[in-house]
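The next block holds one structure in the form of structure tokens; read it before the comments.
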């Protein structure tokens, strides 16, 4: 059995936030993937991201900036450990400013990387997180140093197996942008030769009871499609792996971007519901219902 995930009530969300969520939890899905300038490659404060969620008609947003890691691991694209308290403070400030209008939650995008699992486990356990994304980032210098070879197929297989390794830790609610590796060597991306590997990986993720993300920002990468590719979405559905949509917004204007198209892709893959997380617990919304709303985009 996979490890159980804790029920955590985020300290920045008071009873009025909980009441607001309860009143709106059937209205529409939250933005579940957004960042802050603390990661050094995003713009806009959590307050500005909350304002963008409000403009998009979304009832809530979970801020999920890149987690601090030890030994200056890819420090150029994540907050420093000493900035953690500042991260909590600015998310709490946004939650207070948007109280009763947008439910602002404290989340985290945490890297899965061999040798750092215990550090991340402690980090998650000690902090009041509403949602935790698990990510494998093959573009970091450390990943390229440790896992990149001159064989793109081998590298792609390594990456997909690491996604399953991440899910099997039981640390994460959702695995993000789950075919990101394709942008490392786009000229050598041939999905047909990876389908057997992906099938085995998805079997492992399904057994771990971990959700997976449909990341709309893939449209801006070298291979201009959402992550993952449509056939992989269908394979996820066949295994009843639930899906969370995330814009991976690094600027406020991208909050909620591409959600109607993502919902349509999920329907085409066979899904009839989509998830977001509150206090580490999945919230389900019917896709047919979510498509009825004016997304403000």
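In UniProt numbering, the protein residues as written are 1 to 297.
Just so you know, even glycine gets a beta-carbon here, dropped at the ideal spot from N, CA and C.
As assigned by DSSP and simplified to three states, the class of residue i
i           : result
residue 176 : coil
residue 21  : Its pLDDT being 48, under 50, residue 21 is placed unreliably by the model, and nothing is read from it.
residue 270 : coil
residue 282 : strand
residue 57  : coil
residue 208 : coil
residue 291 : coil
residue 171 : coil
residue 73  : coil
residue 198 : helix
residue 32  : coil
residue 47  : helix
residue 216 : helix
residue 62  : strand
Host beta strand (DSSP E) of residue i (start-end)
i           : result
residue 111 : 103-111
residue 135 : 131-135
Span separating the alpha-carbon of residue i from that of residue j
i           : j           : result
residue 298 : residue 71  : A query on residue 298 cannot be resolved here, the shown segment of the chain reaching from 1 to 297 and no further.
residue 39  : residue 124 : 18 angstroms
residue 68  : residue 291 : 36 angstroms
residue 22  : residue 283 : Here residue 22 scores only 44 on pLDDT, less than 50, and its place in the model should not be relied on; the value that follows carries that caveat. If I take the Cα positions, the gap works out to 11 angstroms.
residue 214 : residue 225 : 10 angstroms
residue 66  : residue 188 : 28 angstroms
residue 56  : residue 270 : 26 angstroms
residue 47  : residue 253 : 13 angstroms
residue 212 : residue 62  : 16 angstroms
residue 152 : residue 51  : 41 angstroms
residue 90  : residue 150 : 43 angstroms
residue 210 : residue 99  : 30 angstroms
residue 183 : residue 220 : 11 angstroms
residue 163 : residue 274 : 20 angstroms
residue 119 : residue 126 : 11 angstroms
residue 288 : residue 115 : 42 angstroms
residue 77  : residue 144 : 15 angstroms
residue 173 : residue 122 : 16 angstroms
residue 278 : residue 92  : 16 angstroms
residue 195 : residue 181 : 14 angstroms
residue 84  : residue 237 : 36 angstroms
Segment limits, alpha helix (DSSP H) that includes residue i
i           : result
residue 161 : 152-168
residue 181 : Per DSSP, residue 181 belongs to no alpha helix (DSSP H) and is neither H nor E.
residue 88  : 84-97
residue 330 : The structure shown does not extend to residue 330, since the chain is modelled only from 1 through 297, so no value can be given for it.
residue 122 : 117-125
C-beta contact flag for residue i and residue j at 8 angstroms
i           : j           : result
residue 157 : residue 202 : no
residue 109 : residue 133 : yes
residue 261 : residue 247 : no
residue 227 : residue 179 : yes
residue 117 : residue 191 : no
residue 167 : residue 136 : no
residue 102 : residue 44  : no
residue 244 : residue 32  : yes
residue 206 : residue 154 : no
residue 235 : residue 199 : yes
residue 79  : residue 293 : no
residue 73  : residue 142 : yes
residue 259 : residue 216 : yes
residue 112 : residue 280 : no
residue 128 : residue 106 : yes
residue 263 : residue 233 : no
residue 30  : residue 255 : no
residue 41  : residue 177 : no
residue 197 : residue 147 : no
*Scan the stretch 225-271 and note each continuous beta strand (DSSP E) run of 3 residues or more that stays entirely inside, going in chain order.*
243-246
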